[in-house]
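To start, the structure itself, in structure tokens.
Numbering (full-length UniProt numbering), first residue to last: 1 to 145.
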């Protein structure tokens, strides 16, 4: 057996309500981040570029925050329920998820820049017809009336 099958994914516990119900969160994987980018590209960009702090996400973008929490609890379809958690619980969960996601803050910006650069090149390569000249001249003149 390989080492991956033996490694336990790091998690942290979040208190979900006053009754003391607990849930486990894990860090986000590249698959999770890619899934979030489909619907929340602007938010993911601002977060990974450091233009917004993780604890501000819950108040700025509640749906995005709920989707992060649901993904990190391995219940991606339960984001609407995650959205109903109280603000303190959401912020606590988001901070724990962020700590589990980001191992080294120094490489975060570089890694995100490289990832977006690679993804941009793949989009261009996958759509060569978008880069072909049409042969048509464009004019900035208005048609005569």
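For glycine and all other residues, C-beta sits at the position ideal for the given N, C-alpha and C.
Among the options, which has the Cα closest to the Cα of residue i?
{"i": "residue 117", "options": "10, 45, 40", "result": "45"}
{"i": "residue 92", "options": "80, 103, 72", "result": "72"}
{"i": "residue 41", "options": "87, 19, 64, 26", "result": "64"}
{"i": "residue 43", "options": "89, 121, 20, 68", "result": "68"}
{"i": "residue 113", "options": "88, 49, 55", "result": "49"}
{"i": "residue 19", "options": "89, 110, 102", "result": "89"}
{"i": "residue 16", "options": "29, 3, 70", "result": "70"}
{"i": "residue 28", "options": "121, 102, 110", "result": "102"}
Return no unless some Cβ of chain B is closer than 8 Å to the Cβ of residue i.
{"i": "residue 68", "result": "In summary, chain B is missing from the structure at hand, where a single protein chain is found."}
Would DSSP call residue i helix, strand or coil?
{"i": "residue 23", "result": "strand"}
{"i": "residue 3", "result": "coil"}
{"i": "residue 14", "result": "strand"}
{"i": "residue 61", "result": "coil"}
{"i": "residue 77", "result": "helix"}
Using 10 angstroms around the beta-carbon of residue i, count the other beta-carbons present and answer buried if the total reaches 16, otherwise exposed.
{"i": "residue 32", "result": "buried"}
{"i": "residue 58", "result": "buried"}
{"i": "residue 80", "result": "exposed"}
{"i": "residue 23", "result": "buried"}
{"i": "residue 94", "result": "buried"}
{"i": "residue 97", "result": "buried"}
{"i": "residue 4", "result": "exposed"}
{"i": "residue 47", "result": "buried"}
So, residue i versus residue j, is the Cβ gap smaller than 8 Å?
{"i": "residue 175", "j": "residue 85", "result": "No statement about residue 175 is possible, as the shown extent of the chain runs from 1 to 145 and does not include it."}
{"i": "residue 66", "j": "residue 82", "result": "yes"}
The segment 49-66 in contact with the segment 7-27 per 3-pair CB rule at 8 Å: Taking 8 Å as the limit for Cβ pairs, the verdict is that the segment 7-27 does not touch the segment 49-66.
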